[in-house]
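Below: the structure, in structure tokens.
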Amino acid sequence: MAESSPPDRIAITIEITPEEKQRIERLAEQKGVSPETAVRRAIEQGLETVAPGGDETVEVQSGSFLDGIEHLVGSVDGPSDLSTNPERMEGYGRS
-6 MAESSPPDRI
4 AITIEITPEE
14 KQRIERLAEQ
24 KGVSPETAVR
34 RAIEQGLETV
44 APGGDETVEV
54 QSGSFLDGIE
64 HLVGSVDGPS
74 DLSTNPERME
84 GYGRS
């Protein structure tokens, strides 16, 4: 007998390709979860890019903080040793 869903969930049916099924199964195996859980997590991740009202798309970037500001690196003029030269910090933080 099939496992019943918790009362706060509804069941939906979709058609996927055999390749998509294999990808889901591989992902589930890599993550150590059931295929259903892998699909739920992928849906949640995809929905995070949509605003709650569904009108706007929120830009979600993966990677490090530096990856997100890479376009700003080198865009400011100033001494190249500002963060490493102790002389440049002289008096900083004092009232």
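Numbering (my numbering), first residue to last: -6 to 88. Cβ coordinates follow ideal geometry from the N, Cα and C atoms, glycine included.
Consult DSSP for Val32 and reduce its assignment to one of helix, strand or coil.
Val32: helix per DSSP, three-state reduction.
Q: Would you mind reading off the limits of the alpha helix (DSSP H) that contains Ile62?
A: Phe58 to Ile62
Rounded C-beta distance between Glu18 and Pro11? I'm assuming under 8 angstroms.
So it is not a contact: roughly 11 angstroms between Cβ atoms.
query: What residues in its chain sit with their C-beta under 7 angstroms from that of Lys24, if we drop five residues either side in the sequence?
result: Ala31
Using the C-alpha atoms, what's the distance from Pro0 back to Ile9? 26 angstroms
* Where Leu20 and Gly56 are concerned, what is the direct C-alpha to C-alpha distance, given to the nearest angstrom? -> C-alpha separation (whole angstroms): 20 angstroms.
Apart from the five residues on each side of it in sequence, which residues of its chain come closer than 6 angstroms, Cβ to Cβ, to Arg81?
Leu75
Grab the span of the alpha helix (DSSP H) containing Pro72 for me, first residue to last. In the DSSP annotation of this structure, Pro72 is not part of any alpha helix (DSSP H), being labelled neither H nor E.
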